[in-house]
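Residue numbers (our numbering): 6 to 553.
Virtual Cβ for every residue (Gly too), placed ideally from N, Cα, C.
As the structure is a computational prediction, the values presented were derived from the model and not from experiment.
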Amino acid sequence: MPRIDKDKLDKYAGVIYERLEEFNDFTLKTIARRIKEIGSLSAYDAQTLKNMADITGDMKKITKKLAEITEMNIADVEKVYEKTITDGVNTYKPLYDFRNIPFVPFEENEFAKALVTNWAEQTAGEMINLSRTKALGFDKYDAFGNVIGHTPLKGAYEQAISSAVTAVSSGTADFNSAMKKTVEELGGSGVKVTYGSGVNRSLSAMIRQNLLYGAKQSAQAYDEYVGKILGCDGFEVDAHAGCRPSHLFMQGKMYSYNGRVTVDGITYEDGKEALNALGDYGCLHFKDDVILGVSQPRYSKKELDEIQRQSTELIEYDGRKKTLYEWKQTQRRFERAVRTKQTQADMFRESGNIAEANMRKKEIDAYRAKYDDLCDKLGLTKRTERMRTYKGKSLTNGNAKLLTENRKSDTIKVVNTQSGANGVHYIGKINREIYSCVTKNIRTDEVIITDERIAHIKAHHPDDFEKYCGYMRQIVEQPEYIIESNKSHTALILKSFIEDDKQFKTVLRLVTSEDDENFKNSIITFMKIDEKEWRRLIKNKKNLYKSE
Numbered sequence: 006m007p008r009i010d011k012d013k014l015d016k017y018a019g020v021i022y023e024r025l026e027e028f029n030d031f032t033l034k035t036i037a038r039r040i041k042e043i044g045s046l047s048a049y050d051a052q053t054l055k056n057m058a059d060i061t062g063d064m065k066k067i068t069k070k071l072a073e074i075t076e077m078n079i080a081d082v083e084k085v086y087e088k089t090i091t092d093g094v095n096t097y098k099p100l101y102d103f104r105n106i107p108f109v110p111f112e113e114n115e116f117a118k119a120l121v122t123n124w125a126e127q128t129a130g131e132m133i134n135l136s137r138t139k140a141l142g143f144d145k146y147d148a149f150g151n152v153i154g155h156t157p158l159k160g161a162y163e164q165a166i167s168s169a170v171t172a173v174s175s176g177t178a179d180f181n182s183a184m185k186k187t188v189e190e191l192g193g194s195g196v197k198v199t200y201g202s203g204v205n206r207s208l209s210a211m212i213r214q215n216l217l218y219g220a221k222q223s224a225q226a227y228d229e230y231v232g233k234i235l236g237c238d239g240f241e242v243d244a245h246a247g248c249r250p251s252h253l254f255m256q257g258k259m260y261s262y263n264g265r266v267t268v269d270g271i272t273y274e275d276g277k278e279a280l281n282a283l284g285d286y287g288c289l290h291f292k293d294d295v296i297l298g299v300s301q302p303r304y305s306k307k308e309l310d311e312i313q314r315q316s317t318e319l320i321e322y323d324g325r326k327k328t329l330y331e332w333k334q335t336q337r338r339f340e341r342a343v344r345t346k347q348t349q350a351d352m353f354r355e356s357g358n359i360a361e362a363n364m365r366k367k368e369i370d371a372y373r374a375k376y377d378d379l380c381d382k383l384g385l386t387k388r389t390e391r392m393r394t395y396k397g398k399s400l401t402n403g404n405a406k407l408l409t410e411n412r413k414s415d416t417i418k419v420v421n422t423q424s425g426a427n428g429v430h431y432i433g434k435i436n437r438e439i440y441s442c443v444t445k446n447i448r449t450d451e452v453i454i455t456d457e458r459i460a461h462i463k464a465h466h467p468d469d470f471e472k473y474c475g476y477m478r479q480i481v482e483q484p485e486y487i488i489e490s491n492k493s494h495t496a497l498i499l500k501s502f503i504e505d506d507k508q509f510k511t512v513l514r515l516v517t518s519e520d521d522e523n524f525k526n527s528i529i530t531f532m533k534i535d536e537k538e539w540r541r542l543i544k545n546k547k548n549l550y551k552s553e
């Protein structure tokens, strides 16, 4: 299959994962807030307590939130799969040349695009099935804290509220103590999908894994398609340090599809075992189809020896020796533990139990100190995003509708923009005379971007912000083209950098006298575009301005 940029694919999957984690936190905090409301009542508020036990409204909000997130995720799936394949499809060009077959880029290959669409639809269907609220719930525990089953989401919520109402109605002296176990168990579990027979898995992790699996399968399908055209008779497995021990045997090797064969004095083993291993759940290996005796190995012997050494040597830390793979598993356990404690802390805080929230904070600090020490000493990449919970701004498009319905929402009040305070970052200043082609009534020359817009860019155009944000100032201050936008008071800016062979499209919302006096001109979105899109915009859209 095409050589996949695994870091990029992981970032794509991370966006999907974080959206589902937001749903997890939203659900738990909704329950916690209801517990707090009940705790503020007394046994004499009988009718109010009865009303509080009705969670219909909350369940509708939870269901709506999940529907919004699922809709966003489905919208992104096909884009992710297409990027996954097109990023590496050019690796096949030398084989096309060898066979004297015209190379067909992915964007012109209707069959390949149909494969991607098919797998995207299958993954979307899985996302919908996993996101059905009837399949969701929480771990069910015995008296010793062992998971013994699954409680449906609605049922778990009803049980939590019933326990809270009982605690108040019976005149329990310490409401927070009475609810402690409920909060610990719900926060410790998080929202999960049940597979029956006591198997419950995190909703966010399962959907992330489904996305990765679908990306791999769509790339595999394209790989097989190209392989048939080119007459490929073998495949090569990629290699990375720290893979699971059972997959070490196939790292970086070329295999035959047709049993053990010898070509030009080199023997290639049958690839059946490797193909089976590639299908293992959660496997991060990919393969490229090759023509045995023609395709050059991706790795040198020296590189493979070094990867093997890194994967098998025992590394000592804190008096214990483990392989790199085992230490990475330890790292993942730390990340899950921190996030669980953080989720519990958030729930305790929302439910009004500040003392327990502070206790969890101390535990989190201890875990984080150990985590940082582990990563620093072993050279592991820290994945702090896997430990955080969501506070404040949403990753979902709950506010996106406001951006289309109310143009004033495209800007934000700014306090001390130069310092980047309040989630606002200063970009530069525009020449109002240049931008008068959009509107004559521009009140300020200052340009900012908000954290919310940065998150939007990262979600929809992965890597563009981190790699190219340094171009933003030049783009807004020295536009090459300003194209007419379908939104009022909005500039669509095009700018190319010939020396870097890059072109960008940026959307800038301009502030007029109709807007709040504290608003600033705001970058709404920003992305790198290819030559084809550049020409399309210039040809098909109305040009309001062109630099000399």
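May I have the straight-line CA-CA distance separating residue i from residue j, to the nearest angstrom?
i	j	result
SER527	LYS306	52 Å
ARG104	LEU497	44 Å
ALA246	ASP535	34 Å
VAL420	VAL429	Confidence at VAL420 is low in this model, with a pLDDT of 36, below 50, so the placement of that residue is unreliable and no value is reported for it.
GLN52	GLY44	15 Å
GLU321	ASP381	13 Å
SER552	PRO250	59 Å
ARG391	ALA129	23 Å
ARG458	ARG514	12 Å
THR68	LEU25	13 Å
PHE470	GLU361	39 Å
TYR260	ALA140	41 Å
LYS13	THR272	34 Å
ILE543	GLU241	43 Å
HIS290	GLU113	27 Å
GLN60	GLU163	It is Ile, not Gln, that sits at residue 60 in the sequence shown. Whole-angstrom Cα-Cα distance: 7 Å.
LEU191	HIS252	36 Å
VAL481	TYR431	12 Å
Ends of the beta strand (DSSP E) at residue i?
i	result
ILE561	The structure shown does not extend to residue 561, since the chain is modelled only from 6 to 553, so the question has no answer here.
ASP293	292-295
PHE240	239-242
GLU485	No beta strand (DSSP E) contains GLU485, which DSSP labels as neither H nor E.
Hey, would you say residue i sits closer than 8 Å to residue j, going by beta carbons?
i	j	result
THR75	SER167	no
LEU239	TYR262	What sits at residue 239 in the sequence shown is Gly, not Leu. Yes.
ARG212	MET132	For clarity, residue 212 is Ile in the given sequence; the question names Arg instead. Yes, Cβ-Cβ distance for ILE212 and MET132 is below 8 Å.
MET57	GLU73	no
ILE462	THR530	yes
CYS237	ASP294	yes
ASN363	GLY195	no
LEU549	CYS442	yes
ALA183	ILE40	no
LEU385	LYS333	yes
PHE143	ALA125	no
ALA244	TYR304	yes
Tell me, to the nearest whole angstrom, how far the beta carbon of residue i is from that of residue j; I am working on the premise that it is less than 8 Å.
i	j	result
ALA350	ARG373	So it is not a contact: roughly 13 Å between Cβ atoms.
THR554	HIS155	For residue 554 there is no data in the structure shown, the boundaries of the chain being 6 and 553.
LYS34	MET352	7 Å
THR455	THR517	Not really, about 19 Å apart at Cβ, beyond 8 Å.
ASN216	ALA18	The question names Asn, yet the displayed sequence has Leu at residue 216. That belief holds up - the Cβ atoms of LEU216 and ALA18 are roughly 5 Å apart, short of 8 Å.
Go to residue i, then tell me how far its alpha helix (DSSP H) extends in each direction, as first and last residue.
i	result
ASP12	11-44
GLU361	359-383
PHE143	It is not in any alpha helix (DSSP H) - PHE143 instead sits in the beta strand (DSSP E) that spans 141-146.
PRO157	PRO157 -> not in any alpha helix (DSSP H); beta strand (DSSP E) instead, spanning 152-157.
ILE432	Premise fails: ILE432 lies in the beta strand (DSSP E), 429-434, not in any alpha helix (DSSP H).
GLN508	GLN508 -> not in any alpha helix (DSSP H); beta strand (DSSP E) instead, spanning 507-514.
For this session: Please confirm if the stretch 511-527 is in contact with the stretch 438-458, defined as three or more CB-CB distances below 8 Å between the two stretches.
Result: yes
Exercise. Can at least three beta-carbon pairs, one atom from the stretch 117-125 and one from the stretch 301-321, be found at a separation below 8 Å?
Worked result: Output reads no: the stretch 301-321 does not touch the stretch 117-125.
Exercise. Do three or more CB pairs link the stretch 325-335 to the stretch 254-268 at distances below 8 Å?
Worked result: With the cut-off at 8 Å, the stretch 325-335 and the stretch 254-268 do not touch.
Problem set entry | Meets three-Cβ-pair contact criterion under 8 Å: the stretch 96-111 and the stretch 218-225 | no
For this session: Mind the definition here: the stretch 78-90 touches the stretch 44-53 only if three or more C-beta pairs lie below 8 Å; say whether that holds.
Result: no
Problem set entry | At least three beta-carbon pairs within less than 8 Å, the stretch 333-351 to the stretch 170-183 | no
Exercise. Hey, is the stretch 509-517 in contact with the stretch 473-488, meaning 3+ C-beta pairs nearer than 8 Å?
Worked result: yes
Problem set entry | Inter-stretch contact at 8 Å, needing at least 3 Cβ pairs: the stretch 455-469 / the stretch 482-500 | Taking a contact to require three or more Cβ pairs closer than 8 Å, the stretch 455-469 and the stretch 482-500 do not qualify as touching.
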